[in-house]
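Note sheet for the following structure.
In my numbering, the protein residues as written are 6 to 296.
Rendered as structure tokens:
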């Protein structure tokens, strides 16, 4: 039996992976997939891939793209969630800030450098015409660190997936004053090169099983109740999230979404022109992308 170590955020996006593993769909292929919850998000998973403690990661498109172009020894196997991610703009509950424009010049709480919460602060500032060189960050580790930073005046704003944070908004631990939407598909599956070179065909078959599981979740009328129960979401919030979300049901890996990410990273000076050069060959094996 082939064994792989895979990491992903402990959020509703990864229900297809969890069900495929729990229900034995992947084990039926003589594959053992050891899943690890990564509360620290994309930054934590990049460190795991770099250290070799993870073979596979389900992580944010912008974070892994930047890491690979900076030299991380990985490739993107496929896009996983084809729809954008909706990042809530969270501020302290007692703050006088009421509009997204009000966060200008505030300190951003971020999970790690290179994480989605880090990179989306740049995207938000660029979209609003602000000077990205003036951004200030406080590294807090995970969602709980972000909430703590808001409550203790260690940061003025925290960007995180809005449905995950909704229960905390309801508990008055913070307030959400808007959102930032990624201009690209939000999650991809990345694999260390050493693993991909040996097992690309097998991992593509595993991905197909997960894609089929995702399709079943999307089509099942009871899925929103299951998501609400498993991830402590309000049932109506879970239903709304599911209606907005599409996974990759066809296993196609179109190039267009990545091109937008690379252009953004270059425009924000988060990668150099030298790192951008030849980006398609750096990000993918030729067999894994529709050029």
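Beta carbons are placed, not taken as given, at the ideal position from N, Cα and C, and that holds for glycine. Every value quoted in this text rests on a predicted model; they were computed, and no experiment measured them.
- Taking one beta carbon from each stretch, the stretch 135–148 and the stretch 159–173 have 3 or more pairs nearer than 8 Å; the two touch.
- In this structure residue 122 does not touch residue 189 by the C-beta definition: roughly 16 Å separates them, more than the 8 Å allowed.
- Excluding the 5 residues flanking it on each side, residue 129 has same chain C-beta neighbours closer than 6 Å at 185, in chain order.
- Excluding the 5 residues flanking it on each side, residue 155 has same chain C-beta neighbours closer than 6 Å at 97, 163 and 179, in chain order.
- At a cut-off of 3 residues, the continuous stretches assigned as beta strand (DSSP E) that sit fully inside the stretch 116–150 are 141–144.
- The continuous alpha helix (DSSP H) containing residue 267 extends over residues 261–272.
- DSSP, reduced to helix, strand and coil, places residue 47 within a helical segment of the structure shown.
- DSSP, reduced to helix, strand and coil, places residue 93 within a strand of the structure shown.
- Contact between residue 252 and residue 85 is confirmed by a C-beta separation of about 6 Å, below the 8 Å threshold.
- Between the alpha carbons of residue 236 and residue 276 lies a gap of roughly 35 Å.
- About 6 Å separates the CB atoms of residue 79 and residue 196; that is less than 8 Å, so the two are in contact.
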